[in-house]
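Notes to accompany the following structure.
2 protein chains.
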Amino acid sequence: MKKIAGIWLYYLVGSILISCSTGQQAEEKVVYLKDYLVGYQEGQDATLALRRALDECKKVKARRLELPAEKLYFQPDYAVEQYVFVSNNDEGLKRFAFDLTGLSDIVLEGNGAVLLFSGFVCPFLIREAENIEVRNLSIDYTRTFHSEGKIEACGEGWLDVSFASEYPYYFSNGCLHFKDNQGNKYPYSNLLEFDVEKREPAYMVKDYWLSGGCMPAQELKNGNVRIFKDKIKGTPGNILVFGAAQRLIPAFTVTDSKRVRIQHVNIWHCGGMGVIAQRSGDIELDHVQVTPSPGTGRMISITADATHFSNCYGFIRMLNCLFENQKDDATNIHGIYAVIDSIIGPQELIVKLMHPAQEGFDFIRPGQQLELVNHKSLIQYGELSVENVERLNKKYTRVCLTAPLPEGTRVKDVVAAMGPYPEVLIRACKMRNNRARGLLLGSRGKIRIEKNYFHVPGAAILFEGDGSYWYEQSGVRDVVIRENVFDNCNYGIWGKACIAVGSGIYEQRETSRYHRKIRVEENTFHIFDPRLVNLYGVDDFVFKGNRIIHTDAYSYQGQEQRPFVIDNCSNIFIQETED
Amino acid sequence: MKKIAGIWLYYLVGSILISCSTGQQAEEKVVYLKDYLVGYQEGQDATLALRRALDECKKVKARRLELPAEKLYFQPDYAVEQYVFVSNNDEGLKRFAFDLTGLSDIVLEGNGAVLLFSGFVCPFLIREAENIEVRNLSIDYTRTFHSEGKIEACGEGWLDVSFASEYPYYFSNGCLHFKDNQGNKYPYSNLLEFDVEKREPAYMVKDYWLSGGCMPAQELKNGNVRIFKDKIKGTPGNILVFGAAQRLIPAFTVTDSKRVRIQHVNIWHCGGMGVIAQRSGDIELDHVQVTPSPGTGRMISITADATHFSNCYGFIRMLNCLFENQKDDATNIHGIYAVIDSIIGPQELIVKLMHPAQEGFDFIRPGQQLELVNHKSLIQYGELSVENVERLNKKYTRVCLTAPLPEGTRVKDVVAAMGPYPEVLIRACKMRNNRARGLLLGSRGKIRIEKNYFHVPGAAILFEGDGSYWYEQSGVRDVVIRENVFDNCNYGIWGKACIAVGSGIYEQRETSRYHRKIRVEENTFHIFDPRLVNLYGVDDFVFKGNRIIHTDAYSYQGQEQRPFVIDNCSNIFIQETED
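Here it is in structure tokens:
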């Protein structure tokens, strides 16, 4: 051979070492990635070595995979490929560096490794896996999926922005586009301004959404880029974030798995959610930090929600976590509604997943109970056992039931699995400086929110659920929010109060009681904005023993002065306590 | 039930009928789609009924599925979904109406049915199937994947075009876009002018390629659309074809199947190739007509090649077919080259599929012979047995060999499976009025081209193959072209002669003999263009007994006056016979 690729040496030597020592490893059941990285030098792609190490883990049923305490680079080229439907992220044929599909009883010990990814490769796929622990590592990308520019000047219908070299860009058809040095494109769909001093969304700024994927722009002689948009505004010195158009690259994709623990993991960047878990049970995040990569000067950590859970069960625990500067909520825990598309027999429905980011989601399985819900009032009017499910395609599912549909079953109404619902514990976490809200709570299991800190620009805690827009099943039954600090939330446009309902109840509000039994006790609310609680369609709400401290952190500009707005609720107990 | 979807009645009744008569059908092994269409009315979606009928075919191992002699409508909604990699078309998660995956020994008897599809649904998937016959039906779409407009006026940098109501359009960001009445988008990437009288590509017109998916345009007061493009030209009265940007919807996707016969089938439209077959053997098309839908006034039949065969084996036969007015070649038969990306051991390569429309193609399997080919000279320098193949992902494959790679094996060189190659017989077919070429012949098996008629704007017969652009393996070994009529071909820009070589041989031309043994005998050439044969890198070529008739069908404007341009060839025998 005249020409030998850079990687062959360490790969080959690694293979020999491993084949010689397999016997011993089979006993100890520990695989060391180091053994597959002989000759590895910083900057080389470790993906193939990792694949071989994971193959070995499967082969010997390893109990532990040890990473070296180094900076490891991963490119998409040699990564595992799978077509995945990931709730609330974008589906697709994706590459994964750590494909833990089918593994069980294994600890991935990071030993402090920094995993540095380049391009469109997802860090972790935990699929049909059981008893998995990932710990002591950091995840980052050489080029972010969003882009950041500094606002230099502002005028009527334009903004001038300067970009650091980390955000290469180009122009095509008079529009601004972003790329990386390998030529990959990084499309964006929205703009949001961040306060450079406070390192949070600038006070009360709006998202600007692009139409047709085109932001008219031109390069100025001084090297700045002038972008044109009707009514655009910005404060010079602040950071303008060009938000990623897609959510293709979550850091952890957890699907159809049980007992997954992620601890002492830093998610400095990814192009989607930090941890998205679907149809999975018993998930614990401990000391997971979603925060911008240190030393990079980035304003944004990750491009979507820090965490998100769809149709999960067992327990969901988030302990001692930090979720900051991500481009969407800290968490959202919910089920999935599908819409009745046609009634094809007395016991047979075709239902349709409506939201593109829910397509391909297996939301119901034989043997589960199915609830039938009026899509405008969210009032449940039927409960049936599922006999058989045929997925016609990612959008449509045929559902056969064990008994006839009730009278009044209507096309356009929604159905969802009636659990099992997860129990939720969120304790000692910090949520701050992100876009949008804090916690979106939508499980019917026990929910405990304790000793957390919130400084988010929308509602800190939101009870949603609807059958006509997001199609997320919610409807809480037992929530305790206790001993948290709410530090001047609602400094953005994404909330009506610190604790609020945002359910899609458009009819029968006087009788619909979608959320039930919520206790808000012994919390501290620092507020510049009087709006503490905004509820409708709630039964059994108690607010007592809370400390309320008025501040002038921001200047409140809204009309609403009532701390408690309660509409169409029952069994409400509010004890106002001011400091 | 208050509301019952339109389809439930015939579906349910169909189910009952079938479940009552299953016993008898199991004996006769004939399934009638009609039984699943009770109550079906024209315009209703027959997809679900068809799915149930095909389920029944699988269950009872039916020998025949009979369609009713009617117009049947198919929408994507309830269609089967599969992610498919289709050579030379676009990969994707697609919907299929007729999913024949895994079927064997079955005739799909169309009885003259017209299958009318709406939107992004592919007609046929013949996957891992054996002994399949499809006959007596027509395939059409309610809205074409391309769009056609009439050129009304022309000026410096602009054209005015009028569109019939079949081609709904809209404007976004100052660009022209096409849609259908359901809101689906029909992106286009190129423009080509067709002669309205001759119903063929206008003489010597060029493709106009769009940059960035945007064709600046505006609607005029008279209802025409003015499109803007530098140097654009067009003749008022002619048809401007806005070519589909993707090839997502072939009519027949044949993959990993054996013994497939398609006869008396009209492919009036589809959004990709008419018949694309890959890794399949013994394929016969008899009386397959690719032609514009009668009565619609459309200029274009289908949006890409009429037929295409990659890594096929056994025989390929096309008999009595008509391939006209499609947007690309009549056929292309070839293998697939992958590029050596890295040499990771003495017997181990990582190879890379280069062309996006080849990604995901399993081009080599254990036990096959692999050729190593210099990518610039196309000279083979190695042949090795494949021990093991690991598909890393759609782009990269790891190949383990049974013996060491030869000295001089180089990154960037190409590899391909050394057959089995198909024998090809194309007889009594008409090829005319399409974009580009007639037959691209690239099998090393016996090729017989007999009694066909060609009136194509490029080379009628082209011998290609290259290791640096299309990465298509060719290199013929035994070709006879006999008793065909070549009727004034080369009236477009896509050919250097009636019979030509277009291989990517960039080095060692003096010794590279990529194509071998070609006989051109007893054909009739009507020519307005003197260029009959253009060869390089060919060994053993005989041209004799052909009739050459000069015409003035078009006015030849080229410089080259030599009928035979022979460069770097050996064993050439040319007998010029003029009439």
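As you go down the protein sequences, you meet chains W and F in turn.
The letter at position 60 of the first sequence is residue 60 when you use full-length UniProt numbering, and the numbering goes up by one with no holes.
The letter at position 324 of the second sequence is residue 324 when you use full-length UniProt numbering, and the numbering goes up by one with no holes.
Even glycine gets a Cβ: it sits at the ideal position worked out from N, Cα and C.
Which term fits K61/W, buried or exposed, when burial requires 16 or more other beta carbons within 10 angstroms of its beta carbon? exposed
Is the CB of G183/W under 7 Å away from at least one CB in chain F? no
Any residues in the stretch 63-77 of chain W with a beta carbon nearer than 9 Å to a beta carbon of chain F? Which ones, in chain order? P76, D77
For Q557/W, does the three-state DSSP call read helix, strand or coil? coil
How about V31/F and L65/F: do their beta carbons lie closer than 7 Å? yes
Per DSSP, which residues does K451/W bridge with? Please list them. Paired residues: none, contrary to the question.
Chain-ordered neighbours of A79/F on chain W, where CB pairs are closer than 7 Å: N393
From the DSSP output, in three-state form, read off S182/W for me. Note that residue 182/W is Gln in the sequence shown, not Ser. The answer is coil: DSSP assigns Q182/W none of H, G, I, E or B.
Cβ atoms of M418/W and V456/W: under 7 Å apart, would you say? no
Ends of the alpha helix (DSSP H) at T47/F? 47-60
Whose C-beta lies closer than 8 Å to the C-beta of P404/W among residues of the same chain, with five residues either side of it excluded? P346, Q347
H146/F and I300/F closer than 7 Å at C-beta: yes
Reducing DSSP to helix, strand and coil, say where K34/F ends up. helix
If the cut is a Cβ gap below 8 Å, which residues of chain W does residue 585/F touch? Absent from the structure is residue 585/F, since the part of chain F shown begins at 1 and ends at 579.
Kindly say whether A26/F, judged by its beta-carbon, lies nearer than 7 Å to any beta-carbon of chain W. Legend: pLDDT at A26/F = 44, less than 50; position of this residue unreliable, value from coordinates given subsequently. So no, A26/F is outside the interface.
Of the choices A304/W, A500/W, A164/W, whose alpha-carbon is the least far from that of T331/W? A304/W
Where does A357/F sit, in a helix, a strand or coil, going by DSSP? helix
Taking 7 Å as the cut-off, decide whether the C-beta atoms of C321/W and S280/W are in contact. no
In the DSSP assignment, what residue or residues form a beta bridge with M318/W? L285/W, I426/W
Under three-state DSSP, which class holds Q278/W? strand
Using 7 Å as the limit for Cβ to Cβ distance, is Y396/W near chain F? yes
Output the boundary residues of the beta strand (DSSP E) element that contains K71/W. 71-74
Where G438/W and M273/W are concerned, what is the direct C-alpha to C-alpha distance, given to the nearest angstrom? 14 Å
Would you say Y83/W reaches chain F, if we count a Cβ-Cβ gap shorter than 7 Å as a contact? yes
Got a sec: which bits of the stretch 118-151 of chain F sit with their beta carbon under 8 Å from any beta carbon on chain W, in order along the chain? none
Three-pair Cβ contact test at 8 Å for the stretch 365-384 of chain W versus the stretch 101-113 of chain W: no
What residues in the stretch 278-312 of chain W have a beta carbon less than 7 Å from any beta carbon of chain F? none
Between Y428/F and K451/F, is the Cβ-Cβ spacing less than 7 Å? Here residue 428/F turns out to be Ala, not Tyr, going by the sequence shown. Yes. Within cutoff.
Proximal residues to residue 583/W (C-beta, below 7 Å), its chain only, five neighbours per side dropped: Not covered by the structure: residue 583/W. The range shown for chain W is 1 to 579.
According to the neighbour-count rule (16 or more other Cβ atoms, all chains shown, within 10 Å of its Cβ), is G467/W buried or exposed? buried
Is it right to say W209/F is buried, meaning 16 or more other beta carbons lie within 10 angstroms of its own, or is it exposed? exposed
Counterpart residues of E383/W in DSSP-defined beta bridges: E371/W
Cβ contact (3+ pairs, closer than 8 Å) linking the stretch 251-261 of chain W and the stretch 214-227 of chain W: no
Nonlocal neighbours in the same chain, by C-beta distance under 7 Å from F528/F, ignoring five residues either side: N488, T551, D552, A553, Y554, Y556
Give, in chain order, every residue of the stretch 233-261 of chain F whose Cβ lies closer than 8 Å to some Cβ of chain W. none
Is the stretch 236-252 of chain F touching the stretch 191-198 of chain F in the sense that three or more CB pairs, one from each, lie closer than 8 Å? yes
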